[in-house]
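In the working numbering, the protein residues as written are 830 to 1353.
A quick write-up on the structure given underneath.
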Amino acid sequence: MNKKLSRTVRMAAIALTAAALAGACSNGNTQNSAETAVPSASATAELAATAEPVKQAEDRLFWKPPEGWVGDVMPFSDNGQIHLFYLQDWRDGAPGFHPWHQASTANLTEYAYEGESIPFGQEADQDLALGTGSVIKAGDTYHAFYTGHNWKFPQEGKPKESVMHAVSKDLKSWTKVPADTFYAPDGYEKDDFRDPFLLYNEEKGEYWLLLSARKDGAGVIALFASKDLSKWEVREPLSVEESSSLFMLECPDIFRMNGKWVLVFSEFSDQKSTHYRVSDSLDGPWMKPEKDVFDGRAFYAAKTGSLGDRRFLFGWVPTRQLEKDYMKWDWAGNMVAHEMTVGKDGSLGVKVPDEIDRLVATPAALGEARKLGTVEGDDGARVLDGSTGVSGIIFDQMPQTAKITGSVSFDENVTYSGLVTGVGEDPEKAYGIQLEPGKDRIRYDAAGGDNLSTLEPDVQVPIAFESNVEYPFTIIVENDVAVFYIGDSALTTRIYKMPDGAWGWYSRGGKTTLSKLAVAVRAD
830 MNKKLSRTVR
840 MAAIALTAAA
850 LAGACSNGNT
860 QNSAETAVPS
870 ASATAELAAT
880 AEPVKQAEDR
890 LFWKPPEGWV
900 GDVMPFSDNG
910 QIHLFYLQDW
920 RDGAPGFHPW
930 HQASTANLTE
940 YAYEGESIPF
950 GQEADQDLAL
960 GTGSVIKAGD
970 TYHAFYTGHN
980 WKFPQEGKPK
990 ESVMHAVSKD
1000 LKSWTKVPAD
1010 TFYAPDGYEK
1020 DDFRDPFLLY
1030 NEEKGEYWLL
1040 LSARKDGAGV
1050 IALFASKDLS
1060 KWEVREPLSV
1070 EESSSLFMLE
1080 CPDIFRMNGK
1090 WVLVFSEFSD
1100 QKSTHYRVSD
1110 SLDGPWMKPE
1120 KDVFDGRAFY
1130 AAKTGSLGDR
1140 RFLFGWVPTR
1150 QLEKDYMKWD
1160 WAGNMVAHEM
1170 TVGKDGSLGV
1180 KVPDEIDRLV
1190 ATPAALGEAR
1200 KLGTVEGDDG
1210 ARVLDGSTGV
1220 SGIIFDQMPQ
1230 TAKITGSVSF
1240 DENVTYSGLV
1250 TGVGEDPEKA
1260 YGIQLEPGKD
1270 RIRYDAAGGD
1280 NLSTLEPDVQ
1290 VPIAFESNVE
1300 YPFTIIVEND
1310 VAVFYIGDSA
1320 LTTRIYKMPD
1330 GAWGWYSRGG
1340 KTTLSKLAVA
1350 VRAD
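The following block contains the structure:
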């Protein structure tokens, strides 16, 4: 959770940011590296759109409610649907915040908004604000366990966070059970005790409750057990490989996939990535795979839900303050769903959900506008030769909903290559998603102009690239949200300049081959 800046503080931040002008970067203590990087006046001019603005499309691929924004998502699968409980972010400055709201879907492209499920309490209540939790069905009753958060309580000598319980017969009307509220036991920090995840351990015949907590100065996933969902016994924390340096392991989730138990959690830090671990047993140990992330920091607090035997990872892509690409990230935004995959080596990855792939499938013309530098070939394969600078190809205005597909390969000299949006005369002076073969990563940075390639990346995902190997990719765009899928990874981000401008692809340092490039849109 975050405290929202007041209008006065926001305007002061803008003034300070503008004074920094093109070149300030993080000192390591802030949450994103580009928060003070403002494009220079000349760079801003270069970012002028080359086409008329488009109308906002309906949020079908990256859902949000009619009003407000989506925070942490808590999927619950039942009767062929995924019920998506989530923290509703009103941004109204009220003392209480983040009630549980609910949407449901059977296909990830049509969502029914159900409104509020569990309200927050009064100023004297433990749940003045609600936090993340989970839902389970036992018999004919649904049980929700959630975080009760009162940011005023530490000043009164009370714990800030607790675990709270509510019950329902229909998933719509919920009754809180205050008698079942419990707090961090001795040995655990009292103010960081949140994100309960509930599962039934069939082997042991008991319910397990996992919690994000802190013990002995480190983040842990605490474990509690119960026979009746009311009285809880503390157990030893999960043994999670390479996690002792993390401040918090937020939003834990456990499920079974490909014959293994999988633990998912989110790193509470400036990176804010969602990680996973695997185990042969619920008892652990939970081991780290070679690559343990699915996406970057703009896809946070991810938890899973299923439709049949398919599993999906649901997170949120944040907005930015004042809806400016160079400003700090806000808390909450649009919901994003990835379909989970299993590689030949057993590693987990993500791809475009099949339903989204089918919805955005009507071919559209590329509308080629111009070439920059040395570009050879045609629609079948284009070679962008950036050996002596930057080469690029620029297309017409980005559709408000689009699927861009193709394959890309690089020679050994390519420094970076990738998608740019909001393009003027120079593709380097725009907002881009870059593939960096020499650094084995895909990245997005919100800094405009010449800063694009010099700041630490705002969002990045590791990918092991090889020279002269074709990598198929798919980019899904809806309004100002984009997800770039390549290999078994994704990079999610928000680019406010994207809907208003031309877009393109560019290469620097060597030759990039762009093959089978195509654009599709929604038929409706």
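Just so it is clear, CB atoms sit at the ideal spot from N, CA and C, and this is done for glycine as well.
This one's a predicted model, so the numbers in the text were calculated from it and none came from an experiment.
- Contact annotation: Gly977 and Glu990 have beta-carbon atoms nearer than 8 angstroms.
- The beta carbons of Gln955 and Met993 sit about 7 angstroms from each other, so the pair counts as a contact at 8 angstroms.
- Spatial neighbours of Gly1206 in its own chain (CB-CB distance under 6 angstroms, excluding positions within 5 residues in sequence) are listed in chain order as Val1212.
- In this chain, the alpha helix (DSSP H) harbouring Ile1185 covers 1183-1188.
- If you ignore the 5 residues before and after Ser1059, its C-beta comes within less than 7 angstroms of the C-beta of Asp1009, all in its own chain and listed in chain order.
- Between Arg1140 and Phe1094 a beta carbon distance of about 16 angstroms is seen, past the 8 angstroms cut, so the two are scored as non-contacting.
- Of the candidates Ala1127, Gly922, Asn1308, Asp1112, Asp1112 places its Cα closest to the Cα of Trp1090.
- In the three-state reduction of the DSSP assignment, Asp1020 falls in the strand class.
- For Ser1074, there is no enclosing beta strand (DSSP E), as DSSP marks it with neither H nor E.
- The stretch 1029-1068 is shown to contain no whole alpha helix (DSSP H) run of 4 or more residues.
- Beyond the five residues adjoining it in sequence on each side, Thr1004 comes within less than 8 angstroms, by CB distance, of Ala995, Val996, Ser997 in the same chain, given in chain order.
- For Glu896, there is no enclosing beta strand (DSSP E), as DSSP marks it with neither H nor E.
- Annotation for Gln910: Ser933, Ala935 place their beta carbon closer than 6 angstroms to its own, counting only its chain and skipping 5 residues before and after.
- Non-local beta-carbon contacts of Ser1098 in its own chain, meaning distances under 8 angstroms to residues more than five positions away in sequence, involve Leu1075, Phe1076 in chain order.
- Beta-bridge partners of Met1169 (DSSP): Val1179.
- Apart from the 5 residues on each side of it in sequence, Val1298 sits with its Cβ closer than 8 angstroms to the Cβ of Ser1238 in its chain, given in chain order.
- In the structure shown, Phe982 adopts helical secondary structure according to DSSP, grouped into three states.
- The DSSP-derived three-state label of Asp1317 is coil.
- According to the DSSP assignment, Trp1090 belongs to the beta strand (DSSP E) that extends over 1089-1096.
- The stretch 1109-1178 is shown to contain whole beta strand (DSSP E) runs of 3 or more residues at 1129-1136, 1139-1149, 1158-1171, in chain order.
- Non-local C-beta neighbours of Asp1082 in its own chain, meaning closer than 6 angstroms and more than five positions away in sequence, comprise Phe1026, Val1093, Lys1132, Thr1133, ordered along the chain.
- The alpha-carbon of Asp999 is positioned some 25 angstroms away from that of Gly1034.
- Approximately 16 angstroms separates the beta-carbon atoms of Thr1170 and Gly1144; this is outside 8 angstroms, ruling out the contact.
- Non-local C-beta neighbours of Asp1214 in its own chain, meaning closer than 6 angstroms and more than five positions away in sequence, comprise Thr1203, Ser1220, Lys1340, ordered along the chain.
- Taking C-beta atoms as the reference points, Glu1307 and Thr1230 count as a pair closer than 8 angstroms.
- In this structure, DSSP gives Ala1293 a state outside helix and strand, which the three-state scheme calls coil.
- Exposed is the label assigned to Glu1119, since fewer than 16 other Cβ atoms lie within 10 Å of its Cβ.
- For the 8 angstroms CB-CB criterion, Leu937 and Glu1265 do not form a contact.
- Annotation for His994: the continuous beta strand (DSSP E) segment containing it runs 990-997.
- Cα atoms of Trp980 and Cys1080: separation of roughly 19 angstroms, rounded to the nearest angstrom.
- A Cβ-Cβ separation of about 7 angstroms places Trp929 in contact with Tyr975 under the 8 angstroms criterion.
- Ranked by how close their Cα comes to the Cα of Ser1073, the residues Asp1057, Met1086, Glu1062, Asp1045 have Asp1045 in first place.
- Shortest Cα-Cα distance from Ala1127 to any of Lys1326, Gly1316, Gly960, Val1312 involves Val1312.
- When only Cα atoms are considered, Asp1240 and Ser1296 end up about 5 angstroms apart.
- If you look at Asp918, you'll find it in the beta strand (DSSP E) that goes 910-918.
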